[in-house]
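Here is the structure we will look at, set down as structure tokens.
In the UniProt record's numbering, the protein residues as written are 1 to 214.
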């Protein structure tokens, strides 16, 4: 399986395109620059099967509608973020940006389910904290963590609907038990591993000490 990361938009968000030897593909966190994403997919001769968003902040969903319509594929999101998805125009205006209308969710992600799409088996982990519907996707030995866990940091918890206690619980109960060798591909910044974050991420090592800093 091949993982390609496109760093897109004004928030330098990581959009991941996963593909198999049979050229099936899935798109994770299509936050902006639909044309760039489309050009990569067409240039590689890939066949997209679905789009997933780890949560519904504007920088993770703004290109979804255009890609969904162009490739005629389904959009997956946790239902707990549906209200947030409908607020993308307000999210954009709050930071002086414009955005597309929110896409329609075709299928809601459910905690602990495994989704089979072509050659892909996608384990869904509901990891609230950054947003109520924050979700991580486990595919083979790779975790696509959205804005829950970063290299050396965690997602912000000063947004409406965010919770520091919830994000720490999500990390400790849902992510860390997956094992040290799991590769982590976050929504922003470089990739890492669970083992690396368990040892060196200050919010994982001493969550109480850093309360209020994100």
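Positions of the beta carbon are idealized from the N, C-alpha and C atoms, including for glycine.
Quick caveat: nothing in here was measured; it's all calculated off a predicted structure.
For residue i, three-class secondary structure by DSSP
| i | result |
| --- | --- |
| residue 219 | The structure shown does not extend to residue 219, since the chain is modelled only from 1 to 214, so the question has no answer here. |
| residue 127 | coil |
| residue 13 | strand |
| residue 116 | strand |
| residue 20 | coil |
| residue 34 | helix |
Residue i, buried or exposed, once every other Cβ within 10 Å from all chains shown has been counted against 16
| i | result |
| --- | --- |
| residue 94 | exposed |
| residue 90 | exposed |
| residue 32 | buried |
| residue 109 | buried |
| residue 257 | Outside the displayed range of the chain (1 to 214) lies residue 257, so it cannot be described from this structure. |
| residue 107 | exposed |
| residue 72 | exposed |
| residue 78 | buried |
| residue 13 | buried |
| residue 43 | exposed |
| residue 213 | exposed |
| residue 175 | buried |
| residue 112 | exposed |
| residue 165 | exposed |
Paired residues, beta bridge with residue i - DSSP
| i | result |
| --- | --- |
| residue 92 | Bridge partners of residue 92: none, in fact. |
| residue 214 | Answer is none; residue 214 lacks a bridge partner. |
| residue 107 | 76 |
Which residue spans inside the segment 41-89 form an unbroken alpha helix (DSSP H) run of at least 4?
Complete alpha helix (DSSP H) runs here, min 4: 58-61, 64-71 and 82-85.
Report the start-end ranges of each beta strand (DSSP E) in the segment 135-209 that is 3 residues or longer and not cut off at the edges.
For the segment 135-209, whole beta strand (DSSP E) runs of length 3 or above, ordered along the chain, are 135-139, 142-146 and 183-186.
Pairs of beta-carbons, one from the segment 115-125 and one from the segment 133-148, closer than 8 Å: are there three or more?
With a cut-off of 8 Å, the segment 133-148 and the segment 115-125 count as touching, because enough Cβ pairs lie within range.
Determine contact between the segment 131-142 and the segment 152-162, defined as no fewer than three beta-carbon pairs at a distance below 8 Å.
Contact holds: three or more Cβ-Cβ distances are below 8 Å.
On the three-pair Cβ rule with 8 Å, is the segment 190-208 touching the segment 55-68?
With the cut-off at 8 Å, the segment 190-208 and the segment 55-68 do not touch.
Say whether the segment 109-122 touches the segment 12-21, bearing in mind that this needs 3 or more beta-carbon pairs closer than 8 Å, one atom from each stretch.
These segments touch.
Determine contact between the segment 28-45 and the segment 193-205, defined as no fewer than three beta-carbon pairs at a distance below 8 Å.
With a cut-off of 8 Å, the segment 193-205 and the segment 28-45 do not count as touching, because too few Cβ pairs lie within range.
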